[in-house]
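The structure appears right after this line, and notes come after that.
Residue numbers (my numbering), protein chains in the order written: chain A, 62 to 236; chain B, 53 to 459.
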């Protein structure tokens, strides 16, 4: 059954609602003054331990790559390019993907289109590069695991849903 | 630059007479670098404190999206069009996907339809909360700015659990969706919904029932039923003026015809009604999310054309991680020639796409009519007659989003 239209009316303003409205607003304010509902992330002293399903930075597993070029063809930002390199166990040079994080929009098309699951997302989104050239990865760089720069001094936390407070920050264990 | 004489007669406010202005006019430029107005400018002319003319000036964030779409493959247009309204990403790209599906003559499987509705409603809530937060800070009510923005995080997090990305989800693709709901998503959504329902009561008490807010919003920026129809505005703004128009009931798309929900209508048409309608729509969206999770049928995530012949690995990945992998055909999707139109109800109103294909891998033309663009004209007709101090209240109540209007 489809939706239906329901007519509503905004409340009328009277002297009574003016009094109750003021009192009500102050009471709600007081409620949150006493018991605030904060979940600020104190980055970099804390950082979010992301889910495995998070669409973060991308890593290549060269062994699985068959050089089909689907990832480079589907990339909407032209961040992924193919380069020909000599791979162990192959007679001829094979095209393998490299990525340019200047352009990547983390849509995850390449990971989803890869027929052999050679590409995968890492649950990391805050890698820092000191210059623009470093963001263009070569085949070796594309195979390296990257991690959040906050891991050295920060503690991992997770946000869990809560019917009373919306999101609650809880400590998380890595790995 | 002059206000239309036909509509000028309709501007009537209690205790405020419009008089003919000669040379004693001041021109005030509100925006585009004004902290409140965002990437648009409203040029107003004032007589003392009373605005006599308003001229919305758009186009500051125009990115030629329609033209860019002509140079991209069909699937690559989706991440591009998402940039119109990243907080409303599924709603704003859904009609494009539907139009491409119409051209290809395929229909997504029932489970994909429900998943799309699920993300659309999460996006709608997030979009309304964003609008309410901006509305609050325009009125100087910083609590109402902080709360919706904080609570929006709950729904952004929920969307992240579903799609893997906080904002630009790129969730719906021609033929279906890219992910299934993860483990424990039902409980998470239920917790988020229960929290939001409670929080809406708090919003009501601190904002909507607050006499200070009522004094600033009631009878301010009234869009009469007649004017709303004449200007062709859409979305919650139109429904706050008493017109029964919502694409979800006029022309149900995806799974909306199987879901029982209400579309709230307010007759008043003032800024106060526009504030109320967003709260009521959030309530209904929570209701829809619950129903979707309850009624969702089992089945494939993608149309059999893309799923039946997929390798075994694809199905293993789908069963273990919930990710529906795309077959390499998607990179060069050839869409049969023709022209298709599709529309959907996005957070801010009706969004329409016209997609024309020439049997090639790239579209010949993609035309977008976005809701904010249709709502922008309203400034010209409802702002005159109000004082300058009322302008933020009107601007905030329209929930105008410049990147969406400028495309």
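Backbone N, C-alpha and C fix where the C-beta goes; we use that ideal spot for every residue, glycine too.
The model shown is predicted, which means the values in this text are computed figures rather than measured ones.
Residue 116/B versus chain A: which residues are under 7 Å apart at the beta carbon?
None at all; the shortest Cβ gap to chain A is about 16 Å.
For residue 222/B, return the contacting residues in chain A, with the cut-off set at a CB-CB distance below 8 Å.
168, 169, 170
Coil, strand or helix - residue 326/B by DSSP:
Residue state, collapsed to three classes: helix.
Give me the Cβ distance between residue 306/B and residue 168/B, rounded to the nearest whole Å; I'm assuming they're in contact under 8 Å.
5 Å
Please report whether the beta-carbon of residue 165/A lies at a distance below 9 Å from any beta-carbon of chain B.
no
Between residue 139/A and the rest of its own chain, which residues show a CB-CB distance below 7 Å, the 5 nearest in sequence each way excluded?
164
Output, in chain order, the set of chain A residues within a Cβ distance shorter than 8 Å of residue 378/B.
135, 170, 173, 174, listed in chain order.
In terms of residue numbering, what span does the alpha helix (DSSP H) encompassing residue 458/B cover?
454-458
Hey, does residue 90/A have any beta-carbon neighbour from chain B nearer than 9 Å?
yes
Contacts around residue 231/A, its chain only, beta-carbon distance under 6 Å, and the 5 residues preceding and following it disregarded:
In chain order, 219, 221 place their CB closer than 6 Å to the CB of residue 231/A, counting only its own chain and leaving out the 5 sequence neighbours on each side.
Enumerated in chain order, which unbroken segments of the alpha helix (DSSP H) with a length of 4 residues or greater are wholly contained in the stretch 341-385 of chain B?
356-359, 364-373
Is residue 438/B buried or exposed, if buried means 16 or more other CB atoms sit within 10 Å of its CB?
buried
Helix, strand or coil for residue 215/A, going by three-state DSSP, please let me know.
coil
Ignore the nearest five residues each way along the sequence and tell me which others in residue 226/A's own chain have a CB closer than 7 Å to its CB.
Counting only Cβ-Cβ distances below 7 Å, and skipping sequence neighbours, we find 98.
Using CA atoms only, rank isn't needed, just tell me which of 371/B, 379/B, 230/B is closest to residue 130/A.
379/B
Any residues in the stretch 105-125 of chain A with a beta carbon nearer than 9 Å to a beta carbon of chain B? Which ones, in chain order?
111, 112, 113, 114, 115, 116, 117
Going straight from the alpha carbon of residue 117/B to that of residue 133/B, what length do you get?
7 Å
State buried or exposed for residue 114/B, treating a residue as buried only when at least 16 other CB atoms are found within 10 Å of its CB.
exposed
Alpha carbon to alpha carbon, what distance is there between residue 126/B and residue 420/B?
15 Å
Selected residue, minimal CA-CA separation from residue 213/B, among 85/A, 126/A, 152/A, 114/A
Checking every option, the nearest Cα to that of residue 213/B belongs to 114/A.
On a Cα-Cα basis, can you pick out the residue from 363/B, 92/B, 392/B, 297/B that is closest to residue 177/A?
363/B
Helix, strand or coil, according to DSSP, for residue 395/B in the structure here?
strand
CB contact flag (residue 292/B, residue 326/B, <9 Å)
yes
Between the Cα of residue 109/B and those of 119/B, 84/B, 102/B, spot the shortest distance and give me the residue it belongs to.
84/B
Taking C-beta pairs closer than 8 Å, name the residues in chain B that residue 150/A reaches, listed in chain order.
Those within 8 Å of residue 150/A in chain B number zero; the least Cβ separation is about 21 Å.
Run of the beta strand (DSSP E) containing residue 120/B, from where it starts to where it stops:
Counting along the chain, residue 120/B falls outside any beta strand (DSSP E), though it belongs to the alpha helix (DSSP H) covering 117-122.
Give the interface partners of residue 228/A over in chain B, defined as CB-CB distance under 7 Å, in chain order.
205, 206, 209
Residues of its chain near residue 164/B, where Cβ-Cβ distance is below 6 Å and the 5 sequence neighbours each way are ignored:
The residues are 228, 229, 353.
Of all Cβ atoms in chain B, is any one closer than 9 Å to the Cβ of residue 67/A?
yes
Between the beta-carbon of residue 234/A and the beta-carbon of residue 217/A, is there less than 9 Å?
yes
What first and last residue would you give for the beta strand (DSSP E) that runs through residue 409/B?
401-409
Going straight from the alpha carbon of residue 144/B to that of residue 91/B, what length do you get?
Cα to Cα, residue 144/B sits roughly 19 Å from residue 91/B.
Hey, does residue 81/A have any beta-carbon neighbour from chain B nearer than 9 Å?
yes
Do residue 170/A and residue 223/B count as a contact pair if the criterion is CB distance below 9 Å?
Against a cut-off of 9 Å, the Cβ pair of residue 170/A and residue 223/B comes out as no contact.
What residue from 436/B, 423/B, 442/B has the CA that sits closest to residue 452/B's CA?
423/B
What does the alpha-carbon distance come out to for the pair residue 149/A and residue 201/A?
14 Å
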